[in-house]
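Counted the way full-length UniProt numbering counts, the sequence shown spans residues 1 to 210.
All C-beta atoms in this analysis are idealised placements derived from N, C-alpha and C, irrespective of residue type, glycine included.
All values derive from a computational prediction rather than experimental measurement.
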Amino acid sequence: MTQVIEALKWRYATKKFDNQRLIPDEKIEVIKEAFDLTATSFGLQPVRLAIVKNKEIQRALVTVSMNQEQIAQASHVLVFCREREIGTDYVNSYFDNVVQIRKTPEEILAPFKNYLLKTFENDTPESIALWATKQAYLAMGNLLTVCALEKIDACPMEGFSPEGYNEILGLEEKGLDAVLVMPVGYRADDDMFASFKKVRKGTAAAVLEL
1 MTQVIEALKW RYATKKFDNQ RLIPDEKIEV IKEAFDLTAT SFGLQPVRLA IVKNKEIQRA
61 LVTVSMNQEQ IAQASHVLVF CREREIGTDY VNSYFDNVVQ IRKTPEEILA PFKNYLLKTF
121 ENDTPESIAL WATKQAYLAM GNLLTVCALE KIDACPMEGF SPEGYNEILG LEEKGLDAVL
181 VMPVGYRADD DMFASFKKVR KGTAAAVLEL
């Protein structure tokens with residue numbers, strides 16, 4: 001059995017964290033790096049990661065998280081955010097970065113750049129926001145696996161008020177919208193969910209080979 005499969009069998013959606021244990025700074029750096037390395041559509045990275053470690057803020061977030069106590073118990077709370085403004089300036093900035101890092105001549109990039117500029121120009125704000133939200137799910141999935149490999153417990157959450165998070169964390173003035181939440185830390189010894197067997201379809205039913 002590979003290390004990845006063992007880690008995925010070990011992980012679960014943690015319902016109670018040990019509030020006395022903190023994730024070491026070097027592990028948080030792994031999470032940051034893994035987030036930055038996550039694949040996104042066109043490589044545009046229309047998502048940002050807010051890492052909350054202030055306990056007073058975590059406690060305040062519980063009230064806009066359907067009163068889920070994991071938010072206050074966790075070592076850190078990861079908030080996956082989408083960029084609010086994704087258009088010409090954003091695309092141009094991405095290609096400036098490509099030129100700087102890869103030294104690719106602009107004339108080679110021009111066809112792809114123009115395609116993206118036209119795509120975002122013709123798309124609706126709602127469609128662009130949905131597209132960006134999907135990239136946040138990619139990032140969360142990646143970090144769930146990374147955390148499992150690092151023996152960091154996590155609980156992916158959709159049950160929260162994005163507006164509440166935006167207000168408490170001041171995300172709107174940063175040009176961001178909260179779309180997903182994931183408290184991380186270490187499971188409490190008395191979290192009964194840690195011992196539950198996984199309920200899955202099994203590969204024969206879950207995977208279609210053609």
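Note: residue 35 is not bridge-paired with any residue in the DSSP secondary-structure output.
The C-beta distance from residue 179 to residue 124 rounds to 18 Å, too long to meet the 8 Å contact threshold. Contact check for residue 144 against residue 11 passes: the beta carbons are separated by less than 8 Å. Excluding the 5 residues flanking it on each side, residue 160 has same chain C-beta neighbours closer than 7 Å at 64, 65, 66, 181, in chain order. In this structure, the alpha-carbon of residue 45 lies about 24 Å from that of residue 25. Ranked by Cα distance from residue 53, the options 41, 74, 39, 42 are led by 74. Relative to residue 83, the option among 167, 40, 177, 5 whose CA is nearest is 177. Bridge partners of residue 51 according to DSSP: 78. About 7 Å separates the Cβ atoms of residue 51 and residue 28, confirming a contact at the 8 Å cut-off. Nearest Cα to residue 92 within the set 141, 174, 114, 47: 114. Judged by DSSP secondary structure, residue 140 falls within the alpha helix (DSSP H) whose first and last residues are 125-149. Between residue 139 and residue 147 a beta carbon distance of about 12 Å is seen, past the 8 Å cut, so the two are scored as non-contacting. Relative to residue 34, the option among 191, 150, 196 whose CA is nearest is 150. Taken through DSSP and simplified to helix, strand or coil, residue 209 comes out as coil.
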